[in-house]
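Student: Before we start, here is the structure in question, set down as C-alpha cells.
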Amino acid sequence: MRERLQKTKHTFAIGSGKGGVGKSLLSSNFGIHCSKKAYKTLIIDMDLGGANLHTYLDFRPTPTRIDLWNPREPESILKTISSTAFPGLDIIVGSDELLASQIESASIELLVYEIMKLDYEVIIFDLGAGVGPETLIPFCAVDTPVLLSTPEDTSIENAYFLLKKAFHFKLRQVSKELGYEQGIQEIINKPLKKFSTPSDLLKYIGGSEQFPGFNSKMKELSPGILLNQVRSFNEESIGPSMAQVCRHYFGLDIISVGLIQYDSSMWVASRKNKSKMMNYLDLKFCGQMSSVFQNLLKSVTFNPQRNKIRA
Amino acid sequence: MSQTFDELDYYEILELHPNSSYQEVEEAYQLAKKSFHPQSSALYGILAQDQAQDFYKTIEEAYHTLIQPRRRQEYDQILRRTDANEARLLTNQKLGATQLKSVPQIKNEIPNWALEEESFSGAFFQKLRHHKGLTLEDISHKLKIKKSYILAIESEDFESLPSAVYVRGYVKSIASILGLDSEKAANQFMTHYK
Ligand SMILES: Nc1ncnc2c1ncn2[C@@H]1O[C@H](COP(=O)(O)OP(=O)(O)OP(=O)(O)O)[C@@H](O)[C@H]1O
Ligand SMILES: [Mg+2]
Numbered sequence: 011m012r013e014r015l016q017k018t019k020h021t022f023a024i025g026s027g028k029g030g031v032g033k034s035l036l037s038s039n040f041g042i043h044c045s046k047k048a049y050k051t052l053i054i055d056m057d058l059g060g061a062n063l064h065t066y067l068d069f070r071p072t073p074t075r076i077d078l079w080n081p082r083e084p085e086s087i088l089k090t091i092s093s094t095a096f097p098g099l100d101i102i103v104g105s106d107e108l109l110a111s112q113i114e115s116a117s118i119e120l121l122v123y124e125i126m127k128l129d130y131e132v133i134i135f136d137l138g139a140g141v142g143p144e145t146l147i148p149f150c151a152v153d154t155p156v157l158l159s160t161p162e163d164t165s166i167e168n169a170y171f172l173l174k175k176a177f178h179f180k181l182r183q184v185s186k187e188l189g190y191e192q193g194i195q196e197i198i199n200k201p202l203k204k205f206s207t208p209s210d211l212l213k214y215i216g217g218s219e220q221f222p223g224f225n226s227k228m229k230e231l232s233p234g235i236l237l238n239q240v241r242s243f244n245e246e247s248i249g250p251s252m253a254q255v256c257r258h259y260f261g262l263d264i265i266s267v268g269l270i271q272y273d274s275s276m277w278v279a280s281r282k283n284k285s286k287m288m289n290y291l292d293l294k295f296c297g298q299m300s301s302v303f304q305n306l307l308k309s310v311t312f313n314p315q316r317n318k319i320r321a
Numbered sequence: 074m075s076q077t078f079d080e081l082d083y084y085e086i087l088e089l090h091p092n093s094s095y096q097e098v099e100e101a102y103q104l105a106k107k108s109f110h111p112q113s114s115a116l117y118g119i120l121a122q123d124q125a126q127d128f129y130k131t132i133e134e135a136y137h138t139l140i141q142p143r144r145r146q147e148y149d150q151i152l153r154r155t156d157a158n159e160a161r162l163l164t165n166q167k168l169g170a171t172q173l174k175s176v177p178q179i180k181n182e183i184p185n186w187a188l189e190e191e192s193f194s195g196a197f198f199q200k201l202r203h204h205k206g207l208t209l210e211d212i213s214h215k216l217k218i219k220k221s222y223i224l225a226i227e228s229e230d231f232e233s234l235p236s237a238v239y240v241r242g243y244v245k246s247i248a249s250i251l252g253l254d255s256e257k258a259a260n261q262f263m264t265h266y267k
C-alpha cells in the first residue's frame, strides 16, 4: 500500500554540520525507499566539495552533473538529471566545478528553487558538511529539513551550530520577504534588551504585534532530528532530548523522527552491489531505517508528540 | 528562576497542556529531567553548565508544583491573572517554597563493562548500583520498594520474594533507575527466577 502525501510534492534536506555522520548513506536509502513506494523521486548531491552520493547508488562519475547548470539559462537544470538503476529514482550528481566557478549565493538560491520546481513527488537534498550557503539555502527552503547527528558530543555541537546558522539565515529571509528588515534589525540591536535565546527573540517579536505573520513564517523552519550510529540503550534518549532542548531554545516545532543503530556489518555490506546491500545489513538496522523513512513521509505537517509550547 | 527561559510558566517548561493529568505531568517530568540534566549530552553547545543547573532546578520546582493538587490549583489561579515569574513568586509566598526532596543524583552513564551484560543477574544489579554510588536506602526511598526485597533480588534469594509478577515489576524499576533497558533486564532476570 502506498502511503499518501497530502500534496503532490514534498521536499527534504538532510544536513548535519559535521561530516561523515551518514547523510549520504541515509539520503540514498531514503530515495530508494520513496521510489519503491512508487513516488517519483529526485535526489540531489549538494555536497559540492566532496560529492559521493552517486557511489551510494552504484553510479559511476558522469559528465551529466550539477555543473551543467547555467544561472543564465534556468531551464538548463534539465540537463543535469540522470536516471539510476532504481526505477522512479533520478539523481543530480554533484561536482566541485560549481564552487570552483565562484558561484554566488544568489545563483545557489536560484538553483535550489529551479530544482524544487521540477516535476517530482519527492525531492531530497543530500547536503555537505559545514554551514555554507549551499547548505543553508536548501535547509531553509525545503518542507522538511532533517538534522542528523550521532550521539558524539562533537556531532551534537555541530548539528546545533547548523541550526543556529539556519535560524539566523531564515530570520533575514523572512524579514526581507515581509518587509520588516528595519524593524527586526532594531529589535535585535536594542541595547537594553538582551535576548538569551532565539526563542526569547521570537516571543518578543510575537508579542510586539508590529510584525504580523513573522513567527508563523519562522516556524516553517522546523527540522526533524534523526540520531544515527546509536550504540547503546543509554544513547536512545538523546534524539528526543535534543528535540526538546531545541524546542525550548529555538521556539520552533522541532521533533525527533527516530534513531538508527550503528551497524558493524556496514563495511562488508558497502562492498557489495548497492541494490543488494540491504541483504547484508542487520535486520534491526533496516527496520529502524524504514520506520524513520515512514515517519518522514507522514510528516507533511510535523506535530510534536507533546503539546507544543504555546506561542 | 533560570535566566535563560525566564518567561516560561511551569506548563511550558514541561511542555504540558494546562489540563494535563498527573500521569502526564509525571511522564513529562521524566523526559525533561533527562534532557536538561546538567550532564545531558543534548545540551552541548546550547546551555552552559550553570544555566543548565539553574534550569534543572526550575524543572524540579515545576514538577513539585504541578504534581501536588493544592499547590497546582493555587498556581493556576495566580497564573490566570499574572505572568510566569510573578505566579511563581506569589505561589511560594502563599504556600512556602517547594520542598524539593533531595533526590540522589544518579550518574547517567553506564560503564563499559555493563554495556555487554546479557544475563542481568542479581549480582550484576548490585555491582552497577555500587558503581553509581547508590545505597539500598536511596533505591528503596525512590522506588518505594522494601530494602529487604532489593537485597533479595540482588542475592537471588527467591524464597524471600513475593510472587513473580511483583518481582518482575521491581526488577524493571530497579533496572530503569540504573539506566538499563528495563524490559530486557527484567526478561533476562526472570529466567533465573524460574
Ligand atoms: N548507522 C551506521 N552504522 C554503520 N556505519 C555507518 C552508519 N551510518 C553511516 N555509516 C558509515 O559512515 C561513513 C560515512 O557516511 P556518509 O558518507 O553517509 O556520511 P556523510 O554525512 O554523507 O559524510 P560527508 O559529510 O563527508 O558527506 C560511511 O562509511 C557509512 O557507511
Ligand atoms: Mg555525504
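Sequence order for the protein chains is A and B.
In terms of the numbering used here, the first sequence is residues 11 to 321.
In terms of the numbering used here, the second sequence is residues 74 to 267.
Heads up, the beta-carbon is just placed ideally off N, CA and C, and yes, glycines get one too.
Quick check on the burial criterion: 16 or more other C-beta atoms within 10 angstroms. Buried or exposed for L293(A)?
Tutor: Translated into the one-based positions of the first sequence, residue 293(A) becomes position 283. By the 10 Å Cβ count, L293(A) comes out exposed.
Student: What residue range does the alpha helix (DSSP H) around G216(A) cover?
Tutor: In the first sequence, the residue the question calls residue 216(A) occupies position 206. Its alpha helix (DSSP H) spans residues P208 to S218.
Student: How big is the Cα-Cα spacing for A248(B) and A48(A)?
Tutor: Locating residue 248(B) in the second sequence gives position 175, where the first residue counts as 1. Locating residue 48(A) in the first sequence gives position 38, where the first residue counts as 1. In this structure, the alpha-carbon of A248(B) lies about 44 Å from that of A48(A).
Student: Terminal residues of the continuous alpha helix (DSSP H) containing V184(A)?
Tutor: If you number the first sequence from 1, residue 184(A) lands on position 174. First-last of the alpha helix (DSSP H) with V184(A): D163 to L188.
Student: Hey, quick one: how far does the beta strand (DSSP E) through P250(A) stretch, first residue to last?
Tutor: Position 240 of the first sequence, counted from the start, is the residue given in the question as residue 250(A). Careful: P250(A) lies outside any beta strand (DSSP E), inside the alpha helix (DSSP H) at I248 to F260.
Student: Count the other CB atoms, across all protein chains shown, that sit within 10 Å of the CB of P71(A); report buried if there are 16 or more and exposed otherwise.
Tutor: To locate residue 71(A), count along the first sequence from 1; it is residue 61. Exposed, because fewer than 16 other Cβ atoms sit within 10 Å of the Cβ of P71(A).
Student: Compare the C-alpha of I156(A) against each of G27(A), T18(A) and F295(A) and name the closest.
Tutor: Within the first sequence, the letter at position 146 stands for residue 156(A). Note on residue identity: the sequence assigns Val, not Ile, to residue 156(A). G27(A) is the residue among G27(A), T18(A) and F295(A) whose C-alpha sits nearest the C-alpha of V156(A).
Student: Would you give the residue range spanned by the beta strand (DSSP E) that H203(B) belongs to?
Tutor: The residue you call residue 203(B) lines up with position 130 of the second sequence. In the DSSP assignment, H203(B) falls outside any beta strand (DSSP E) and lies within the alpha helix (DSSP H) extending over G195 to H204.
Student: For ligand 1, any of its heavy atoms closer than 6 Å to the Cβ of K286(A)?
Tutor: What you label residue 286(A) is simply residue 276 of the first sequence in a count that begins at 1. Every heavy atom of ligand 1 is 6 Å or more from the Cβ of K286(A), so no.
Student: Using the Cα positions of V240(B) and E97(B), report the straight-line distance between them to the nearest angstrom.
Tutor: Numbered from its first residue, the second sequence carries residue 240(B) at position 167. Numbered from its first residue, the second sequence carries residue 97(B) at position 24. Each residue's Cα considered, the two are about 26 Å apart.
Student: Along the segment 186 to 200 of chain B, where does the CB come closer than 8 Å to a CB of chain A? Name the residues.
Tutor: L188
Student: Below 9 Å between beta carbons is the criterion; list the residues of the segment 230 to 256 of chain A that meet it against any residue of chain B, in chain order.
Tutor: R241, S242, F243, N244, E245, E246, S247, I248, G249, P250, S251, M252, A253, Q254, V255 and C256
Student: Is D82(A) buried or exposed, if buried means 16 or more other CB atoms sit within 10 Å of its CB?
Tutor: Within the first sequence, the letter at position 72 stands for residue 82(A). Sequence inspection shows Arg at residue 82(A); the Asp mentioned does not correspond to that position. Classification for R82(A): exposed.
Student: Taking only three categories from DSSP, how would you classify A48(A)?
Tutor: As a working note, residue 48(A) is residue 38 in the first sequence. In the three-state scheme derived from DSSP, where H, G and I count as helix and E and B as strand, A48(A) is classed as coil.
Student: Does the distance from the C-beta atom of A259(B) to that of K245(B) stay below 7 Å?
Tutor: Residue 259(B) sits at position 186 when you count from the first residue of the second sequence. Residue 245(B) sits at position 172 when you count from the first residue of the second sequence. Yes.
Student: Which stretch, first to last residue, makes up the beta strand (DSSP E) that contains T154(A)?
Tutor: Position 144 of the first sequence holds residue 154(A). Run containing T154(A): T154 to S159, per the beta strand (DSSP E) assignment.
Student: For the alpha helix (DSSP H) that contains L306(A), what are its first and last residues?
Tutor: Mapped onto the first sequence, residue 306(A) falls at position 296. First-last of the alpha helix (DSSP H) with L306(A): L293 to K308.
Student: Could you tell me whether any Cβ in chain B is nearer than 7 Å to the Cβ of Y170(A)?
Tutor: Counting from one through the first sequence, the residue named residue 170(A) turns up at place 160. Taking Cβ atoms only, chain B reaches closer than 7 Å to Y170(A), which makes this a yes.
Student: Could you tell me whether the Cβ atoms of L188(B) and S242(A) are closer together than 7 Å?
Tutor: Residue 188(B) sits at position 115 when you count from the first residue of the second sequence. Residue 242(A) sits at position 232 when you count from the first residue of the first sequence. Yes.
Student: Cβ of K220(B) within 7 Å of Cβ of L209(B)?
Tutor: Residue numbering aside, residue 220(B) sits at position 147 when the second sequence is read from its first letter. Residue numbering aside, residue 209(B) sits at position 136 when the second sequence is read from its first letter. A contact, by the Cβ cut-off of 7 Å.
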